[in-house]
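Below you'll find the structure, written out as structure tokens, and then a few comments.
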Amino acid sequence: MDIILLDDIEKVGDKHEIVSVKPGYARNYLIPQGLALVANDSNRSKLDEIKRKEADELAARKAEFEVIAAALKGQVLKIGAKAGVSGKIFGSVTNVQIAAALKEQFDIEVDRRKVKLPEEIKVLGAYAAELLLHPEVDITLNFEVVEE
Numbered sequence: 010m011d012i013i014l015l016d017d018i019e020k021v022g023d024k025h026e027i028v029s030v031k032p033g034y035a036r037n038y039l040i041p042q043g044l045a046l047v048a049n050d051s052n053r054s055k056l057d058e059i060k061r062k063e064a065d066e067l068a069a070r071k072a073e074f075e076v077i078a079a080a081l082k083g084q085v086l087k088i089g090a091k092a093g094v095s096g097k098i099f100g101s102v103t104n105v106q107i108a109a110a111l112k113e114q115f116d117i118e119v120d121r122r123k124v125k126l127p128e129e130i131k132v133l134g135a136y137a138a139e140l141l142l143h144p145e146v147d148i149t150l151n152f153e154v155v156e157e
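Going by my numbering, the sequence shown opens with residue 10, and the numbers climb by one from there.
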């Protein structure tokens, strides 16, 4: 059965993608949960219209994201964490904390899933993370983990 996904679903497909799944999975789970629509002609035309609108919106927001990227370039984000005498952090610094620090220090709201950490951060020091603002706009965000 062909369906149109309304959200990203792990091991099935991405948002607005037409995929083929077993009929029972579609009828009993995906469609009732509001995660998919049957891929008939009317829904396919609606999908084309939605994709066009999203592409226009994304292109319009690209300039906004480029301004944000320029503002963050060269800036160092400070993240406080409790640490022992050896500099080892209790717990670790996560992408959630980085997104919250961006909101607090620079008043820039970023989805936590757009912050990519190269490794688990468990020690005080300077690090870099990848910040994916837009499919065509990404920056390297420098941040420093300091003791609270």
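Each residue gets a CB set at the ideal place from its N, CA and C atoms; glycine is no exception.
Which of the three DSSP states is assigned to Gly-33 in this structure?
Under the three-state reduction of DSSP, Gly-33 is assigned to helix.
**Q.** Rounded Cβ spacing between Val-76 and Ala-90 (contact assumed at less than 8 Å)
**A.** Between Val-76 and Ala-90 the beta-carbon gap is near 30 Å, outside 8 Å, which marks them as no contact.
Along the beta strand (DSSP E) that carries Glu-139, what are the first and last residues, could you check?
-> Element bounds for Glu-139: 134 to 143.
Worksheet item: With distances taken between CB atoms, is the gap from Ile-40 to Ile-27 smaller than 7 Å?
Response: Their beta carbons are not under 7 Å apart, which means Ile-40 does not touch Ile-27 by this criterion.
Could you check the C-alpha separation between Lys-131 and Val-85 for me, to the nearest Å?
-> The straight-line gap from Cα to Cα measures roughly 18 Å.
Discussion item. Is it buried or exposed, Gln-106, if we count other Cβ atoms within 10 angstroms and call 16 or more buried?
Written reply: Buried.
*May I ask which residues mark the beginning and end of the alpha helix (DSSP H) holding Asn-52?*
Membership of Asn-52 in the alpha helix (DSSP H) is indicated by the continuous run 50 to 81.
| task | Since I believe Asn-52 is in contact with Leu-46 (beta carbons under 8 Å), could you give me their beta-carbon distance rounded to a whole number of angstroms? | result | So it is a contact: roughly 5 Å between Cβ atoms.
- Counting only the same chain and skipping the five closest in sequence on each side, list residues whose C-beta sits under 7 Å from that of Pro-32. Within the same chain, Pro-32 has close Cβ partners Met-10.
Exercise for review: Take Leu-44 and list the residues in its own chain whose beta-carbon comes closer than 8 Å to its own, dropping the five residues that flank it on each side.
Suggested key: Excluding sequence positions up to five before and after Leu-44, its CB lies within less than 8 Å of the CB of Leu-14, Leu-15, Asp-16, Ile-18 and Tyr-38, all in the same chain and listed in chain order.
Start and end residues, alpha helix (DSSP H) containing Lys-158: Nothing can be reported for residue 158, as the shown portion of the chain is limited to 10 through 157.
For this session: Classify Ala-138 as buried or exposed, calling it buried when 16 or more other Cβ atoms lie within 10 Å of its own Cβ.
Result: Buried, because 16 or more other Cβ atoms sit within 10 Å of the Cβ of Ala-138.
- Take the Cβ of Leu-135 as the centre, count every other Cβ of all protein chains shown within 10 Å, and call the residue buried at 16 or more, exposed below. Note that residue 135 is Ala in the sequence shown, not Leu. With fewer than 16 other Cβ atoms from the protein chains shown falling within 10 Å of its own Cβ, Ala-135 counts as exposed.
> Would you call Leu-81 buried or exposed, if buried means 16 or more other Cβ atoms sit within 10 Å of its Cβ?
Replying inline: Residue burial annotation: Leu-81 is buried, with at least 16 other C-beta atoms found within 10 angstroms of its C-beta.
Which residues DSSP lists as bridging Phe-99, in chain order
In DSSP, Phe-99 forms no bridge with anything.
Below 7 Å CB to CB, which residues in the same chain sit around Lys-71 once its five sequence neighbours on both sides are set aside?
Listed in chain order, the non-local C-beta contacts of Lys-71 below 7 Å within the same chain comprise His-143, Glu-145 and Val-146, local neighbours out to five positions each way being set aside.
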